[in-house]
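Residues in the sequence shown are numbered consecutively from 0, following numbering that gives the first Met the number 0. Everything on this sheet refers to the single structure shown next.
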Amino acid sequence: MPPADPDNLLIEALIQGRFISAEAAQRARSLRAQAGLHPLTGLLRLNAVAESTLYAVASEVWDMVVMREPPNGASALAESTAEFARQHGLSMSWVWDKRFLAQSHDGGWDVAFTDDLTADVKSSFERRAAQQLGRIRWQLLPPSLFERVKSHREERPAEALTAGSDDIRALRELAEEGPTIELVNSILSRAVTQRASDVHFEAEEYEFAVRVRVDGEMLEQSRQPRSRYDALACRLKILANLDIAERRLAQDGRINARVNGEAFDIRMSVLPAAHGESIVLRLLRQERKPTALGDLGMFPEQSETFNNWVRLSNGIVLVTGPTGSGKSTTLYTALELANDRSQKIITVEDPVEYKISGLTQLQVNADIGFTFAAALRSILRHDPDIILVGEIRDEETARIAIQSALTGHLVLSTLHTNSAIGAITRLVDMGIEPFLIAASVRGLMSQRLVRRLCKHCQLPDTAPDEALRAVLERFSLLEGATPMKAVGCSECSGTGFRGRLAVYDLINFTPAMAHAIAQGGGEAGLNQMLGPQADQGLLRSGAQWVARGQTTLGEVLRSTGGA
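Spelled out as structure tokens, the structure:
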């Protein structure tokens, strides 16, 4: 009988102990098979289990000791590892690359590895150890301990980087040194490769985490020793022209940089937190590739309706949805459709996310009084045909936008509401008279984003559950449907999804609806006029994509709330 696979024994023990889900186990196995990632690395990369729990279970299953930081600290462990390397004829760069540490003991060495030492490397060590190093005892090395030790070896002492340090000059010098610059560059480069929209730096007591948002989901990219954090934060502040000495107040800035050959406008936000400043970088590509409505997720009948709105000579079209639902992307696509150089198009944004040739794009600046409302008042004198208002946030902006729509301009804008018809209620709550809304609104649209299934690993869902069958039957989509399910591979970082598409609910504003609003009709009355469309638009759109094998019902329900 062949020996049991130690990797599989670990995964099964984690499942039986209810430390990980069966789904996480499947993703870890996929990462092992397709990307060669050891389960210890794969499960941590998936953020499926805490490091301490993972290594405690691995220690028990594999009957191996977990290396701990010695009483004399990480610096002593760094020196011990360096001594091991010298005796063994190894370079420290090779040691860091292979991710192992060593401590001497009577008659030999304890050598701990994260997961990367192959059987060949270990057997080579053991053969040479018998001759010159003594017996080797293999141990498990938590990545957080490895990073702390590596930091002590390569960086200046942590006391020079403490959050309470008054030596700003020394901190600036550290921020300008090669290791800090390389760390920032590597984090940004990897984030761009991962297709991240945001990078989060979160300080903790002994470490800091780097997390990225990919396809709307937060993934942990890496963990680093806390001793490197203040120099990294200082480096980012220098690039964003922020005050490196200010750590008590929030700050916002921007960085123009090229990452992996692409130009980015990086928006930086800094907040004071318990263990050090929390930093978020929003990665905005300066060059936007033209996108078709079908690529966003609109079906032909939806595209036709939306195109008709964009070709209107006046009125206001409102796109609704929560933050991060893709509203700006949809509106940019609308502007690209209308941008044939025969019309004057002006945008008022905060921030200007993408620069498009042929448009006049304005950046609001509340600090100097250049608000959405102030910008709108000014641009009307520039004789625009189409006006994009990034977001209607207050009564003044809403009133000027509607007046613009009533005086021969097409206005496109966004509102934060849960439904398309909810935009009407929101405008009334802002203080806009119903008769003005009835006279100006031409179209309402709500949207959400759902993750696309990864084309490299998706599999047919040959036995759809009752919930999926019920939704497909509800919208007469069951016949001919080809639903798929998520698996997970190296292309999608084990998530089973890669990229996103939008689901839409478009409402043509009819004369009957306008009359009802002018008479003071509320949201309930409008929903009654819409009939089934009132509560099925987003779900219907999502169900169509499920039937076509582009996403899953779980994704649609999570995004739309089952609406």
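C-beta: ideal position from N, C-alpha, C; glycine also.
- Task: Please report how far the alpha carbon of residue 337 lies from the alpha carbon of residue 508, in whole angstroms.
- Result: 21 Å
- Task: Whole angstroms is fine: what's the gap from residue 266's alpha carbon to residue 351's?
- Result: 11 Å
- Item | residue 581 versus residue 328: straight-line alpha-carbon distance, rounded | No information on residue 581 is available, as it lies outside the stretch 0 to 562 that the chain covers here.
- Message: Using DSSP's beta-bridge definition, name the partner residues of residue 364.
- Response: 369
- Message: So for residue 558, helix, strand or coil by DSSP?
- Response: helix
- Message: So, at 7 Å on beta carbons, what are the nonlocal neighbours of residue 19 in its own chain, with the 5 sequence-adjacent residues on each side left out?
- Response: 13, 42, 47, 48
- Query: Would you say the segment 365 to 379 touches the segment 272 to 287, given that touching needs at least three Cβ pairs under 8 Å?
  - Reply: no
- Task: Assuming residue 471 and residue 542 form a contact by the criterion Cβ under 8 Å, report the distance between their Cβ atoms to the nearest whole angstrom.
- Result: 6 Å
- Task: Classify residue 356 as buried or exposed, calling it buried when 16 or more other Cβ atoms lie within 10 Å of its own Cβ.
- Result: exposed
- Query: If you compare alpha carbons, which of 429, 306, 293 is closest to residue 392?
  - Reply: 429
- Quick one: Cα of residue 183 to Cα of residue 217, how far? 19 Å
- Message: Can you tell me where the beta strand (DSSP E) holding residue 412 begins and where it ends?
- Response: 409 to 414
- Task: Would you kindly work out how many angstroms separate the C-alpha atoms of residue 521 and residue 511, rounded to a whole number?
- Result: 13 Å
- Task: Check the Cβ-Cβ distances between residue 299 and every residue of chain C, and say whether any is below 7 Å.
- Result: The displayed structure is made up of one protein chain only, and chain C is not part of it.
- Query: When the distance is taken between beta carbons, is residue 317 closer than 7 Å to residue 414?
  - Reply: yes
- Identify which residue in 446, 409, 79, 401 has its Cα closest to the Cα of residue 420. 446
- Fully enclosed by the segment 43 to 73, which alpha helix (DSSP H) runs are 4 residues long or longer? 50 to 61
- Query: In terms of residue numbering, what span does the beta strand (DSSP E) encompassing residue 330 cover?
  - Reply: Unbroken run through residue 330 is the alpha helix (DSSP H), 326 to 337; no beta strand (DSSP E).
- For residue 446: DSSP bridge partner residues: 503
- Query: To which residues does DSSP link residue 139 through a beta bridge?
  - Reply: 65, 112
- Task: Would you mind giving the Cβ-Cβ distance between residue 63 and residue 100, rounded to the nearest angstrom? I have them listed as a contact below 8 Å.
- Result: Rounded, the Cβ-Cβ distance is 14 Å, inconsistent with contact.
- Message: For residue 461, tell me which candidate among 454, 440, 484 has the shortest Cα-Cα distance.
- Response: 484
- Query: Helix, strand or coil: how does DSSP classify residue 202 here?
  - Reply: strand
- Task: Sort 95, 344, 173, 185 by Cα distance to residue 331 and report the nearest one.
- Result: 344
- Is residue 649 buried or exposed, if buried means 16 or more other CB atoms sit within 10 Å of its CB? Residue 649 falls outside the range modelled here, since the chain spans only 0 to 562, and no answer is possible.
- For residue 367, count neighbouring C-beta atoms within 10 Å of its own C-beta (all shown protein chains included) and say buried if the count is 16 or more, exposed if not. exposed
- Query: Alpha carbon to alpha carbon, what distance is there between residue 417 and residue 540?
  - Reply: 16 Å
- Query: Is residue 319 helix, strand or coil when you go by DSSP?
  - Reply: strand
- Going straight from the alpha carbon of residue 363 to that of residue 256, what length do you get? 22 Å
- Message: For a quick check, are the C-beta atoms of residue 486 and residue 498 less than 7 Å apart?
- Response: no
- Ignore the nearest five residues each way along the sequence and tell me which others in residue 285's own chain have a CB closer than 7 Å to its CB. 262, 263, 264, 354
- Item | Buried or exposed by the 16-neighbour rule on C-beta atoms within 10 Å, applied to residue 457 | buried
- Query: Are the beta-carbon atoms belonging to residue 211 and residue 232 less than 7 Å from one another?
  - Reply: no
- Query: Shortest alpha-carbon distance to residue 50 belongs to which of 407, 348, 206?
  - Reply: 206
- Cβ pair residue 147, residue 224 closer than 7 Å: yes
- Message: Suppose you measure from the CA of residue 295 to the CA of residue 149; what does that come to, to the nearest Å?
- Response: 45 Å
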